[in-house]
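Under UniProt numbering, the first residue of the sequence shown is numbered 1, with each subsequent residue one higher. Everything below concerns the one structure shown next.
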Amino acid sequence: MSTQILFQPFSLKSLSLKNRIVMAPMTRAMAKDGIPGAAQAEYYRRRAAGGVGLILTEGTVIDRPASRNDPGIPFFHGEAALAGWDAVAKSVHAAGGKIGPQIWHTGSTRSSRSQSQPEDLVESPSGLVGPDDPRGKAMTEEDIADTVAAFASAAANAKRLGFDIVELHGAHGYLIDQFFWEGSNKRTDAFGGATIAERSRFAAEAVRAVRAAVGADFPLSLRVSQWKQQDYAARNASTPDEMTAWLLPLVEAGVDILHCSQRRFWTPEFPEIDGDAGLNFAGWAKKLTGAATISVGSVGLSSDFFGAFGGQGSESASFDNLIERMERQEFDLIAVGRPLISDAEWTAKVSGGKLEELGGFNAADLAVLA
Ligand SMILES: Cc1cc2nc3c(=O)[nH]c(=O)nc-3n(C[C@H](O)[C@H](O)[C@H](O)COP(=O)(O)O)c2cc1C
């Protein structure tokens with residue numbers, strides 16, 4: 001099957017992409033003192049030179065005292081870190097690529113190195129990581145307002161530095177998702193409630209503030225997921241109506257692109273509903289909100305990414321299902337993660353039809369930034 005459908009151009013507002021392939025945001029935790037340096041600039045430049053349409057950077061954190069849970073995560077605030085990001089954007093642009101930072105706050109989540117965080121400043125909607133798992137403090141309304149402002153300030157800096165898009169990380173059980181999820185949001189004020197629509201208010205305020213900071217024409221992506229690192233089976237929306245209540249207010253607040261994270265892009269989002277050709281998460285999000293969507297999850301690979309951190313690699317696999325979905329315009333763009341860690345030339349090989357040269361993903365490649 002020809003992969004040429006992946007190489008149609010795409011444009012939205014001020015963004016124009018030469019193809020539909022997006023480098024998925026992937027934390028590498030190698031930014032010394034939180035500052036991206038020459039190694040990061042070269043790492044992203046090589047993927048741009050390899051032909052990827054859009055790079056979404058590793059998550060990079062906003063200006064809050066405990067916004068990162070690992071000392072290798074880069075800041076997206078402060079003069080030195082922003083100068084580092086400026087150099088990253090310039091090197092990607094010089095190689096003919098497009099790039100946006102993924103703006104992040106890790107909330108109360110732990111990591112193997114989260115002990116580096118000032119524990120008493122760790123913040124989340126209700127001082128919980130998940131059900132019955134307390135950590136840090138519940139955010140006051142002032143904390144919330146300051147955090148919303150910090151997201152807006154980061155986005156304004158992304159635009160000022162010449163990035164092509166900005167993405168907010170609203171997925172995987174981190175701060176924004178901790179507001180969405182009933183398992184971590186027990187608030188009784190306007191930022192909590194029994195419905196997903198009520199629990200979406202924090203994200204909507206962040207989106208509105210970001211939109212105001214970047215203006216009408218700058219593209220804004222929001223990454224969302226049903227699954228959380230705290231509970232892979234958890235869902236923010238169990239029905240299409242709930243999904244509309246979750247995502248439509250966010251699109252109305254200013255999101256242009258919903259980046260719908262799932263582990264395998266071919267998994268139907270609501271398998272019990274007939275007649276929709278097994279639309280995946282991005283397919284449903286596009287249908288219900290009208291926004292552009294990015295899908296993701298095990299593209300060209302034989303196994304999903306949860307094993308990657310335990311050292312599990314993945315073989316190369318068929319593109320047929322992806323191509324069929326792209327031909328049906330189920331979603332607009334497709335993000336690719338692990339293959340682009342292992343092979344900076346991955347996109348060029350797919351474009352050139354050299355699928356037999358794709359090597360899948362080697363978990364040992366996580367140890368180096370190359
Ligand atoms: C090493 C690694 C780091 C990741 N870091 C992030 C991140 O910072 N932000 C994010 O939204 N997703 C992150 N993810 C998830 C990826 O963006 C992507 O959704 C996932 O790897 C599935 O895509 P794949 O099957 O093509 O690898 C990470 C995944 C990996 C393997």
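Just so it is clear, CB atoms sit at the ideal spot from N, CA and C, and this is done for glycine as well. Since the model is a prediction, treat every value here as computed from it, not as a measurement.
| Taking 7 Å as the cut-off, does the CB of M326 come closer than this to any heavy atom belonging to ligand 1? | On the sequence shown, position 326 is the one that residue 326 refers to. No.
| message | Taking 8 Å as the limit between beta carbons, can you name the residues of its chain near V214, skipping five residues before and five after? | response | The residue you call residue 214 lines up with position 214 of the sequence shown. Closer than 8 Å at the Cβ level, and outside the excluded window around V214, lie A155, A156, A158, K159, V166 and L220.
| said: Taking only three categories from DSSP, how would you classify T347? | reply: If you number the sequence shown from 1, residue 347 lands on position 347. Helix, per DSSP.
| query | Does DSSP classify L12 as helix, strand or coil? | reply | For this step, residue 12 is matched to residue 12 along the sequence shown. Looking at L12 - three-state DSSP - the assignment turns out to be strand.
| Out of curiosity, what's the CA-to-CA distance linking F218 and I103? | Stepping through the sequence shown from its first residue, residue 218 is reached at position 218. Stepping through the sequence shown from its first residue, residue 103 is reached at position 103. Straight-line Cα distance between these residues: approximately 15 Å.
| field | Own chain partners of A48 with C-beta closer than 7 Å, once the 5 adjacent residues on each side are dropped | value | Taking the first residue of the sequence shown as position 1, residue 48 is located at position 48. For A48, where only same-chain residues beyond five positions count, the Cβ hits under 7 Å are I55, V92, A95, G96 and G97.
| message | At a cut-off of 7 Å, would you count V52 as near ligand 1, judging by its Cβ distance to the nearest heavy atom? | response | The count along the sequence shown starts at 1 and reaches residue 52 at position 52. Incorrect: V52 has no Cβ contact closer than 7 Å to ligand 1.
| Separation of G78 from K32, as counted between CA atoms | By one-based count along the sequence shown, residue 32 stands at place 32. By one-based count along the sequence shown, residue 78 stands at place 78. So the alpha carbons of these two residues sit roughly 14 Å apart.
| task | Kindly indicate which three-state DSSP category W85 falls into: helix, strand or coil? | result | Taking the first residue of the sequence shown as position 1, residue 85 is located at position 85. The answer is helix: DSSP assigns W85 an H, G or I state.
| task | Can you give me the start and stop residues for the beta strand (DSSP E) that L58 sits inside? | result | As a first step, residue 58 is located in the sequence shown; it is residue number 58 there, counting from the start. The sequence given here places Glu at residue 58; Leu does not occur at that position. Per DSSP, E58 belongs to the beta strand (DSSP E) from L54 to V61.
| task | Give a single yes or no on whether S350 has its beta carbon closer than 7 Å to a heavy atom of ligand 1. | result | The residue you call residue 350 lines up with position 350 of the sequence shown. The displayed chain sequence assigns Val, not Ser, to residue 350. Answer for V350: no, Cβ out of range of ligand 1.
| said: Taking 7 Å as the cut-off, is the C-beta of L175 nearer than that to any heavy atom in ligand 2? | reply: Among the ligands modelled here, namely ligand 1, ligand 2 does not occur.
| DSSP state of I103 mapped onto helix, strand, coil | Residue mapping note: residue 103 aligns to position 103 of the sequence shown, counting from 1. Look at I103 here: in three-state DSSP terms it is strand.
| To the nearest angstrom, how far is it from the Cα of S295 to the Cα of D241? | For the purposes of this step, residue 295 is taken as the residue at position 295 of the sequence shown. For the purposes of this step, residue 241 is taken as the residue at position 241 of the sequence shown. Taking the Cα positions, S295 is about 20 Å away from D241.
| request: Give the DSSP bridge partners of S261, in chain order. | output: One-based indexing of the sequence shown puts residue 261 at position 261. S261 pairs with S225.
| said: In the DSSP output, what is A296 paired with across the bridge? | reply: Translated into positions along the sequence shown, residue 296 becomes position 296. For the record, residue 296 in the displayed sequence is Val; it is not Ala. Residue pairing by DSSP places V296 opposite A335 in a beta bridge.
| message | Considering only the alpha carbon of each residue, which of F151, F179, K90 and D177 lies closest to residue 404? | response | The structure shown does not extend to residue 404, since the chain is modelled only from 1 through 370, so no value can be given for it.
| task | Assess, as a yes-or-no matter, whether the stretch 119 to 132 is touched by the stretch 70 to 89 under the definition of 3 or more beta carbon pairs within less than 8 Å. | result | The answer is no - the stretch 119 to 132 does not touch the stretch 70 to 89, with fewer than three Cβ pairs under 8 Å.
| said: Check whether chain B comes within 8 Å of P240, counting only Cβ atoms and requiring the distance to be less than that. | reply: In the displayed structure, chain B is absent; only one protein chain is listed.
| Reduced DSSP secondary structure (H/G/I, E/B, other) of I21 | Taking the first residue of the sequence shown as position 1, residue 21 is located at position 21. DSSP places I21 in strand when its eight states are reduced to three.
| message | Check whether the stretch 278 to 298 and the stretch 246 to 261 are in contact - that is, three or more C-beta pairs closer than 8 Å. | response | Yes, the stretch 278 to 298 touches the stretch 246 to 261.
| message | In whole angstroms, give me the CA-to-CA distance for G34 and E272. | response | Position 34 of the sequence shown holds residue 34. Position 272 of the sequence shown holds residue 272. The straight-line gap from Cα to Cα measures roughly 45 Å.
| task | Look at the alpha carbon of Y43 and the alpha carbon of L322, and state the distance between them as a whole number of angstroms. | result | Mapped onto the sequence shown, residue 43 falls at position 43. Mapped onto the sequence shown, residue 322 falls at position 322. Y43 and L322 have their alpha carbons spaced roughly 27 Å apart.
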